Amino acid sequence: MKYTNSIEIALPRAKVVQLISDPAHMVKWLRGLVCTNR
Numbered sequence: 010m011k012y013t014n015s016i017e018i019a020l021p022r023a024k025v026v027q028l029i030s031d032p033a034h035m036v037k038w039l040r041g042l043v044c045t046n047r
């Protein structure tokens with residue numbers, strides 16, 4: 010089974026990369042994630 014989803018984000022690409030690569034923000038967009046360790 011293959012599932013694909015897409016969204017449009019109204020931010021510059023560099024800002025999106027900055028936000029999704031910061032572990033402090035991961036709990037906001039990864040459902041079920043409780044904490045991260047670096």
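Just so you know, the numbering used here puts the end of the sequence shown at 47, numbered straight through with nothing missing. For glycine and all other residues, C-beta sits at the position ideal for the given N, C-alpha and C. None of these values were measured; they are calculated from a predicted model.
Assignment of Lys24 by DSSP, reduced to helix, strand and coil, places it in the helix class.
If you look at Ala19, you'll find it isn't in any alpha helix (DSSP H); DSSP assigns it neither H nor E.
Counted as a single uninterrupted DSSP element, the alpha helix (DSSP H) harbouring Val36 occupies residues Pro32 to Trp38. Distance from the CA atom of Lys24 to the CA atom of Met10, rounded to whole angstroms, is 32 Å. Cα atoms of Ile29 and Lys37: separation of roughly 10 Å, rounded to the nearest angstrom.
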